[in-house]
Amino acid sequence: MMKKRWVFWWVCNIFWMTIFVVGAAVIWLRNVDGAGVTQTPELKLIAFIVLLIAFIFPFIIQIVWLIVNLRISSNK
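Numbering (numbering that gives the first Met the number 0), first residue to last: 0 to 75.
This is how it looks when you write it as structure tokens:
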């Protein structure tokens, strides 16, 4: 049972990390956004900060899940 919890935790981490890296690459590599605005380094930074803010919630969930897994593992 413990192994399944950890495997699922790692799979979810890899999923969220992949989505974040792809999103960051799209932001960094695009020259024009969906509205047709030419992307300057400042606008790319703002878009990246918005992406970071969007990923705070899944990050918090993963940290809480890690703590729960560690506590359950140490009690056995």
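Think of the CB as a built atom: it goes at the ideal place given N, C-alpha and C, for glycine as much as any other residue.
Inter-residue spacing [alpha-carbon to alpha-carbon] between residue i and residue j
i   : j   : result
A23 : P57 : 16 Å
V63 : R70 : 11 Å
V20 : N12 : 12 Å
G35 : R29 : 11 Å
E41 : A53 : 19 Å
S72 : I55 : 26 Å
G33 : K2  : 43 Å
Supposed close pair residue i, residue j - CB separation, criterion 8 Å
i   : j   : result
A46 : I26 : 5 Å
V31 : T39 : Their Cβ separation, rounded to whole angstroms, is 11 Å, which puts V31 and T39 out of contact at 8 Å.
Test item: CB-CB of residue i and residue j under 8 Å
i  : j   : result
W5 : N68 : yes
W9 : Q61 : no
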